[in-house]
Amino acid sequence: MFYGLCLEMKKRNLSENQAVLWLGGVLGLLLLSVFPQILPWAADILGIWWPPAALIFFLLVVIILIILRHTITISEMETEIKELAMQLTLLKDENKDLKTKIERKTKGEQEKS
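Sequential numbering from 55 applies to the sequence shown in the numbering used here.
Right under this line is the structure:
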């Protein structure tokens, strides 16, 4: 599991933030599996009468945190894409204006000759 995460990070398919979330989730669930006495204690604290349901609850919490992180990343990227699209439009407009000025200047010089 750890090797797979490192490999995906090396290929740039997985960011460090995502890897930390996955590792934290996996280690948390592994901890609950290795020390089974934690699960009934946690279930009792949460008011869950069937301890394996607490494991499912923790799994859902990890998945929700990962989805939340992806949602935040997507929102940031959408904002960045909008900003880049606006900058591109402004640069295209500026490029068009410069081409028009160059053409006018070139035509003016040709008429003088």
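Glycine is no exception: its CB is placed at the ideal position from the N, C-alpha and C atoms. All of these numbers come straight from a predicted model, not from anything done at the bench.
{"Item": "If L109 and L122 are in contact, beta carbons under 8 Å, what's the gap, nearest whole angstrom?", "Value": "So it is not a contact: roughly 20 Å between Cβ atoms."}
{"Item": "With C-beta atoms as the reference, is L83 less than 8 Å away from F112?", "Value": "yes"}
{"Item": "Just reading off the alpha helix (DSSP H) that S69 is part of, what are its end residues?", "Value": "Neither: S69 is in no alpha helix (DSSP H) and is coded neither H nor E."}
{"Item": "Under three-state DSSP, which class holds G78?", "Value": "helix"}
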